[in-house]
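For the sequence shown, the working numbering gives the first residue as 40, with consecutive numbering after it. Data first, discussion second: the structure below is written as structure tokens.
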Amino acid sequence: RFPKSRLKTYEAGQYVFINLPSVSKTEFHPFTLTSGPTEPFLEVHIKALGDFTKKVAKQAGTYAKDQAPWKIRVDGPYGRLMFNYKRYENILLFGAG
40 RFPKSRLKTY EAGQYVFINL PSVSKTEFHP FTLTSGPTEP FLEVHIKALG
90 DFTKKVAKQA GTYAKDQAPW KIRVDGPYGR LMFNYKRYEN ILLFGAG
């Protein structure tokens, strides 16, 4: 969870590229925005699967509230639902994780 700052508008289903310089100065990784567009913060959920996300999880585990906040760089948002769902009476959505 982090402040919106420059990223003021986005839509449900969009994603951003995130860089955490304390983990890697050059790597940006895509994460889906899981907060709603009207919420005051941006939120992403990260599962520790690869090298980068495992480093993020490890660093988060050692983070103390009295430390300075993490520096984070955000690029985006990207992606957009181009499907005009309003023209159909019924739609069926499937999701998998």
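Glycine included, each C-beta is placed from N, C-alpha and C at the ideal position. Since this is a predicted model, take the numbers as computed values, not measurements.
D114: member of the beta strand (DSSP E) spanning R112 to Y117, first to last residue. Per the coordinates, the alpha-carbon of Y102 lies some 49 Å from the alpha-carbon of E128.
Contact between N58 and R112 holds, since their C-beta atoms are separated by about 4 Å, short of 8 Å. Here F67 is not near S74, since their CB atoms are 9 Å or more apart.
By the Cβ neighbour-count rule, P116 is buried, with 16 or more other Cβ atoms within 10 Å of its own.
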